[in-house]
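Enquirer:
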Amino acid sequence: MNYIGIDVDSRFLVCAAQRDDKSVEEATFTNDSAGHKKLIRWATRRKQRAQICMEATGVYSLPAALALSKSAEIDVMVANPKAIKNFSVALLQRGKTDRLDARTILQFCQKMPFRTWQPPAEEVLQLQYLSRRVRQLTTERTRETNRLKAAKRLGPLTRLVVNDIEVNVRHIEGRIKRTRQLMLELVRSSSDLSPLYDLLISVVGISIRSALAILAELAVLPGDMTGRQWVAHAGLDPRPYESGTSIHKPSRISKKGNSHLRHALFYPGMVAVNHDPNVKAFYEKLTAAGKKPRQAYTAVMRKLLLAIWGIFKSQQPWDGQKFYQMT
Numbered sequence: 036m037n038y039i040g041i042d043v044d045s046r047f048l049v050c051a052a053q054r055d056d057k058s059v060e061e062a063t064f065t066n067d068s069a070g071h072k073k074l075i076r077w078a079t080r081r082k083q084r085a086q087i088c089m090e091a092t093g094v095y096s097l098p099a100a101l102a103l104s105k106s107a108e109i110d111v112m113v114a115n116p117k118a119i120k121n122f123s124v125a126l127l128q129r130g131k132t133d134r135l136d137a138r139t140i141l142q143f144c145q146k147m148p149f150r151t152w153q154p155p156a157e158e159v160l161q162l163q164y165l166s167r168r169v170r171q172l173t174t175e176r177t178r179e180t181n182r183l184k185a186a187k188r189l190g191p192l193t194r195l196v197v198n199d200i201e202v203n204v205r206h207i208e209g210r211i212k213r214t215r216q217l218m219l220e221l222v223r224s225s226s227d228l229s230p231l232y233d234l235l236i237s238v239v240g241i242s243i244r245s246a247l248a249i250l251a252e253l254a255v256l257p258g259d260m261t262g263r264q265w266v267a268h269a270g271l272d273p274r275p276y277e278s279g280t281s282i283h284k285p286s287r288i289s290k291k292g293n294s295h296l297r298h299a300l301f302y303p304g305m306v307a308v309n310h311d312p313n314v315k316a317f318y319e320k321l322t323a324a325g326k327k328p329r330q331a332y333t334a335v336m337r338k339l340l341l342a343i344w345g346i347f348k349s350q351q352p353w354d355g356q357k358f359y360q361m362t
């Protein structure tokens with residue numbers, strides 16, 4: 036068995052391999068289709084199976100993981116970066132280079148339980164790509180809108196600029212609308228995604244737009260993940276701060292996770308507080324206990340995500356009483 040650890044970045048895959056208890060080999064491949072093919076040949080040299088571990092780094096690790104998983108001789112594990120970091124701390128790893136990181140991931144691959152990564156279905160990946168493109172376009176529309184406000188303050192001198200920005204804003208809005216329509220058509224054409232979408236829009240506070248964005252991030256997750264693992268994946272898990280004399284600082288969320296999922300849950304959490312009596316009662320209980328509004332809203336997001344997990348598992352629509360029972 037060949038054990039291989041890979042440090043991934045936007046351009047290169049830095050690899051460390053151990054074959055038959057021999058000394059560690061190192062190699063670097065480009066993070067593109069040509070580099071992936073060379074990596075597969077290198078990893079399975081002498082026709083041996085390979086167990087490969089890499090960190091989950093989103094758009095950088097996904098293409099490599101997809102290419103490697105297609106090889107019958109390779110098992111791939113895509114590990115949580117937080118787990119790799121904690122492992123390196125336990126090893127007293129002092130330096131940080133791509134080569135050292137690859138060797139650390141190799142040791143992680145050899146010593147920790149190996150969980151084979153299952154690639155998401157094609158329609159699920161397409162949905163996520165489209166959803167994240169909508170967010171990019173929405174960000175660009177906001178920037179252009181801000182530029183438009185600034186240009187209008189300067190009066191007639193910027194008339195031509197104002198006109199150009201207005202045209203571009205309308206163009207971006209049209210692209211956002213078309214992309215969301217493609218997302219909805221994709222979901223409705225999938226026997227797996229469509230029932231989950233219907234369950235999501237049953238939740239108070241989740242609209243068609245937010246349901247598509249949330250589903251795009253949740254559908255790629257393995258089906259055996261627990262609700263707490265969903266929370267950690269989203270970076271909504273509380274992180275206590277207790278060090279030395281600083282033992283009374285409030286907990287904060289780790290933010291070591293999927294920022295797209297946190298963003299997609301933010302407005303549904305606020306709307307649910309305003310329109311669902313059970314969610315509002317939970318929010319008011321937290322604020323009455325001294326939580327700041329932002330902390331309380333974050334707690335609502337976390338509990339809302341756990342509620343969605345329960346809805347998916349039970350295949351039952353939203354029930355506010357299960358979110359929080361009012362006394």
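So the sequence shown is numbered by the working numbering: it starts at 36 and just counts up by one.
Note that CB positions come from ideal geometry on N, CA and C, so glycine has one too.
In the DSSP output, which residue or residues are listed as bridge partners for C88?
Expert: Within the sequence shown, numbered from 1, the residue matching residue 88 stands at position 53. Paired residue(s): G40 and M112.
Enquirer: According to DSSP, which residues form a beta bridge with E61?
Expert: Translated into positions along the sequence shown, residue 61 becomes position 26. Answer is A51.
Enquirer: Hey, could you find the ends of the alpha helix (DSSP H) L256 is sitting in?
Expert: The residue you call residue 256 lines up with position 221 of the sequence shown. Where L256 is concerned, there is no enclosing alpha helix (DSSP H), given that its DSSP letter is neither H nor E.
Enquirer: Mind listing, in chain order, the continuous beta strand (DSSP E) runs of no fewer than 3 residues lying wholly within the segment 91 to 166?
Expert: 109 to 114, all fully within the segment 91 to 166.
Enquirer: Beta carbon of Y359, beta carbon of N309: below 8 Å?
Expert: Working through the sequence shown from its first residue, we reach residue 359 at position 324. Working through the sequence shown from its first residue, we reach residue 309 at position 274. Result no, Cβ atoms of Y359 and N309 do not sit closer than 8 Å.
Enquirer: Using a 10 Å radius around the Cβ and a threshold of 16 neighbouring Cβ atoms, would you call I41 buried or exposed?
Expert: The residue you call residue 41 lines up with position 6 of the sequence shown. I41 is buried by the Cβ-count criterion.
Enquirer: Find out if the Cβ-Cβ distance for the pair F347, L162 is shorter than 8 Å.
Expert: Looking up residue 347 in the sequence shown gives position 312. Looking up residue 162 in the sequence shown gives position 127. No.
Enquirer: For V255, collect the residues of the same chain with a Cβ closer than 8 Å to its Cβ; drop the 5 residues on either side in sequence, then sort them by chain order.
Expert: Working through the sequence shown from its first residue, we reach residue 255 at position 220. These residues qualify, in order along the chain: P155, V159, L160 and Q163.
Enquirer: Can you give me the C-alpha to C-alpha distance between M36 and Q171, rounded to a whole angstrom?
Expert: Here residue 36 refers to the residue found at position 1 when the sequence shown is read from its first residue. Here residue 171 refers to the residue found at position 136 when the sequence shown is read from its first residue. Distance between the alpha carbons of M36 and Q171 is about 42 Å.
Enquirer: Going by DSSP in three states, D233 sits in which element: helix, strand or coil?
Expert: What you label residue 233 is simply residue 198 of the sequence shown in a count that begins at 1. Helix at D233.
Enquirer: Taking only the alpha-carbon atoms, compute the straight-line gap between S281 and T92 and give it to the nearest angstrom.
Expert: On the sequence shown, residue 281 is found 246 positions in, with the first residue counted as 1. On the sequence shown, residue 92 is found 57 positions in, with the first residue counted as 1. Its pLDDT being 48, under 50, S281 is placed unreliably by the model, and the measurement read from it follows with that caveat. S281 and T92: Cα-Cα distance of roughly 33 Å.
Enquirer: Could you tell me how far apart the beta carbons of R167 and H295 are, in whole angstroms, since I believe they sit closer than 8 Å?
Expert: One-based indexing of the sequence shown puts residue 167 at position 132. One-based indexing of the sequence shown puts residue 295 at position 260. At roughly 6 Å, the Cβ-Cβ gap stays under 8 Å, so R167 and H295 are in contact.
Enquirer: Might you give, ordered along the chain, the residues of its own chain that have their beta carbon closer than 7 Å to the beta carbon of D354, omitting 5 neighbours on each side?
Expert: Taking the first residue of the sequence shown as 1, we reach residue 354 at position 319. Answer for D354: no residue qualifies.
Enquirer: Taking 7 Å as the line, does the beta carbon of N203 fall inside it for any heavy atom of the ligand GDP?
Expert: Ligands displayed in this structure: none; no statement on the ligand GDP is therefore possible.
Enquirer: Can you check whether the CB of M260 is closer than 8 Å to the CB of A316?
Expert: Counting from 1 along the sequence shown, the entry for residue 316 is found at position 281. Counting from 1 along the sequence shown, the entry for residue 260 is found at position 225. Cβ distance not < 8 Å, so A316 and M260 don't count as in contact.
Enquirer: Distance check for S104 and W152, CA to CA, integer angstroms please.
Expert: Reading the sequence shown from its first residue, position 117 is the one you call residue 152. Reading the sequence shown from its first residue, position 69 is the one you call residue 104. The alpha-carbon atoms of W152 and S104 are separated by roughly 8 Å.
Enquirer: Run through DSSP, which three-state label would P328 get?
Expert: Position 293 of the sequence shown holds residue 328. DSSP places P328 in helix when its eight states are reduced to three.
Enquirer: Just mark N198 as buried or exposed, buried being the case when its beta carbon has 16 or more other beta carbons within 10 Å.
Expert: Position 163 of the sequence shown, counted from the start, is the residue given in the question as residue 198. So N198 counts as exposed.
Enquirer: Roughly how many angstroms lie between the CA atoms of Y302 and R150, to the nearest whole one?
Expert: Here residue 302 is taken as the residue at index 267 of the sequence shown, counted from 1. Here residue 150 is taken as the residue at index 115 of the sequence shown, counted from 1. Roughly 34 Å separates the two Cα atoms.
Enquirer: Skipping 5 residues on each side, what residues in its chain have a beta carbon closer than 7 Å to that of L135?
Expert: To locate residue 135, count along the sequence shown from 1; it is residue 100. So the qualifying residues of the chain are Q128.
Enquirer: Give a yes or no on whether the C-beta atoms belonging to I39 and E90 are separated by under 8 Å.
Expert: In the sequence shown, the residue the question calls residue 39 occupies position 4. In the sequence shown, the residue the question calls residue 90 occupies position 55. Going by C-beta atoms, I39 is not nearer than 8 Å to E90.
Enquirer: Which residues in the same chain have their Cβ closer than 6 Å to the Cβ of G240, if we skip the five residues on either side of it in sequence?
Expert: Here the question's residue 240 lines up with position 205 in the sequence shown. Counting only Cβ-Cβ distances below 6 Å, and skipping sequence neighbours, we find P303, V306 and A307.
Enquirer: Is the segment 199 to 211 touching the segment 321 to 339 in the sense that three or more CB pairs, one from each, lie closer than 8 Å?
Expert: No, the segment 321 to 339 is not in contact with the segment 199 to 211.
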